[in-house]
Amino acid sequence: MPGLFEADDLGMYVVKFRGAGQGLKVLVAEVLVGELARRLDIRVPRLVTIDVRREIARYEADEEVQDLLTASIGSNLGVDFLPGSFGYDGSTPATAAEADAVIWLDAYTANVDRTWSNPNLLVWHGHVWTIDHGAALWFHHMWPTRGADAARFADQPFDASKHVLADLSADLPGTHARLSGQITESLVREIVDLVPEEWLEPAPGFEGPDDVREAYVTHLLMRLDHAPAWLPTNLGGAR
Ligand SMILES: Nc1ncnc2c1ncn2[C@@H]1O[C@H](COP(=O)(O)OP(=O)(O)OP(=O)(O)O)[C@@H](O)[C@H]1O
Ligand SMILES: [Mg+2]
847 MPGLFEADDL GMYVVKFRGA GQGLKVLVAE VLVGELARRL DIRVPRLVTI
897 DVRREIARYE ADEEVQDLLT ASIGSNLGVD FLPGSFGYDG STPATAAEAD
947 AVIWLDAYTA NVDRTWSNPN LLVWHGHVWT IDHGAALWFH HMWPTRGADA
997 ARFADQPFDA SKHVLADLSA DLPGTHARLS GQITESLVRE IVDLVPEEWL
1047 EPAPGFEGPD DVREAYVTHL LMRLDHAPAW LPTNLGGAR
């Protein structure tokens, strides 16, 4: 359950809580994929960290919400609230270039959460904005049990046939050539460094947060390197 917060900068933010059932890793995925999107000129609301104080939880009347807030004291993810936006329904379609860029990003980061039943796209001021990247980068959920295995993630194919923008795709190979060239090691490191240290959970094989950061860098670079193994080939524009 995300919440709507007014922060002390007077901005309104959709807040994804550190204490929610999905855990901290979904917040990490939101930052990594959202900031990657931004650098590829894909529209994504501004992301911030929201410090939830104990007092906010104490005065919350709803018991369930109070429990969530109490479990979330500390840094949480804030997504700039887009007032007047509405969920993508095709009435203001993405352009072919936007569709290809979003599909490419989702394929690269293994984000299966952008279908017609859950588009995770908003329309705001006549443009399509991407939100909700918490389901991407599934590999980190395996770290506690199976450890880091970048090679497994690197080759995993991506099925884009149910992607909400699949029908608009025009040139995925060309988009791949353009976007993959923009992702350098220094860009990946810059994005991974944006993740707050307290969201980087320990796992077997990691000595500390720096090791966790390094594992994200390795996974993202290796997947890029293994393209086109994961590039969808079942779209109109990809044939
Ligand atoms: N930045 C935003 N501005 C305006 N509305 C937003 C924003 N972010 C999210 N919303 C609204 O809140 C809904 C849920 O957001 P989001 O998909 O990010 O959360 P979620 O917890 O992953 O939800 P779900 O499991 O339903 O996908 C969105 O469908 C949208 O209606
Ligand atoms: Mg969603």
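Using our numbering, the first residue of the sequence shown is number 847, and each one after it goes up by one. In this text, a Cβ means the ideal position worked out from N, Cα and C, and glycines have one as well.
With respect to the 8 Å criterion, Leu886 and Ala947 are classified as neighbours on the basis of their beta carbons. Residues with their Cβ less than 6 Å from any non-hydrogen atom of ligand 2, running along the chain, are Asn964, Asn966 and Asp978. The DSSP-derived three-state label of Asp1057 is helix. Around the beta carbon of Tyr859, a 10 Å sphere encloses 16 or more other beta carbons of the protein chains shown; the residue is thus reported as buried.
Each residue's CA atom was taken as its position, placing His986 and Ala994 some 8 Å apart. Assigned with DSSP and collapsed to three states, Leu856 falls in coil, not helix or strand.
Taking non-hydrogen atoms of ligand 1 into account, the C-beta of Ser1032 is found less than 7 Å away from none of them. Placement of the Cβ of Gly933 at a distance of less than 7 Å from at least one heavy atom of ligand 1 is found. Residue environment analysis places Pro965 among the buried positions, since at least 16 neighbouring C-beta atoms fall within 10 angstroms of its C-beta. Straight-line spacing of the CA atoms in Gln868 and Tyr934 works out to 24 Å. Selection Ile896, Leu1046 and His1072 evaluated against Tyr1062 yields Leu1046 as nearest (Cα-Cα). Here the segment 991-1006 lies against the segment 1049-1065, with 3 or more beta-carbon pairs under 8 Å apart. Residue environment analysis places Asp978 among the buried positions, since at least 16 neighbouring C-beta atoms fall within 10 angstroms of its C-beta. Counting the other CB atoms within 10 Å of its CB gives Ser918 a total of 16 or more, which places it among the buried residues. Runs of the alpha helix (DSSP H) lying entirely within the segment 993-1042 and spanning at least 4 residues, in chain order: 996-1001, 1018-1026 and 1031-1038. Between the alpha carbons of Asp1056 and Ser1032 lies a distance of about 16 Å. In the structure shown, Ile919 falls within a coil segment according to DSSP collapsed to helix, strand and coil. Per DSSP, Asp946 is one residue of the alpha helix (DSSP H) stretching across Ala942 to Thr955.
DSSP lists no beta-bridge partner residue for Ile888.
Beta-carbon to beta-carbon, Arg1069 and Ala1000 are separated by about 5 Å, close enough to satisfy the 8 Å threshold. DSSP places Ile977 outside any alpha helix (DSSP H), giving it a letter other than H or E. Ligand 1 never approaches Asp952 closely enough for any of its heavy atoms to be under 7 Å from the residue's Cβ.
In the three-state DSSP reduction, Trp1045 falls in the helix class (H, G or I).
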